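So the structure is just underneath, and the comments pick up after that.
In this note's numbering, the protein residues as written are 16 to 116.
Following this line, the structure appears as structure tokens:
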């Protein structure tokens, strides 16, 4: 019985692939650097206007302050403090042993 069910599943899957194949086919896929049709002067002017409007919209966006995603995880008044500098301790003189002399 299992073999029949598995065979039926394969048949349904294969049928779905064969049916969907024409749907996924395309008449023409534009290739890299394929030339487009020449644009009319009106289309070129519309492209220039769209580009200028895009640049104006970018300039209208205000500068934003830096985002701190971990800001809620630490208190507001904490700032990273510099680590204290370690200074070398002065070397201690060896005690002179009277017996060594």
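Backbone N, C-alpha and C fix where the C-beta goes; we use that ideal spot for every residue, glycine too.
In this text the structure is predicted, and so the values were computed from the model without any measurement.
In the DSSP assignment, the alpha helix (DSSP H) including residue i goes from what residue to what residue?
| i | result |
| --- | --- |
| residue 66 | 56 to 75 |
If you run the structure through DSSP and keep just helix, strand and coil, what is residue i?
| i | result |
| --- | --- |
| residue 44 | coil |
| residue 24 | helix |
| residue 18 | helix |
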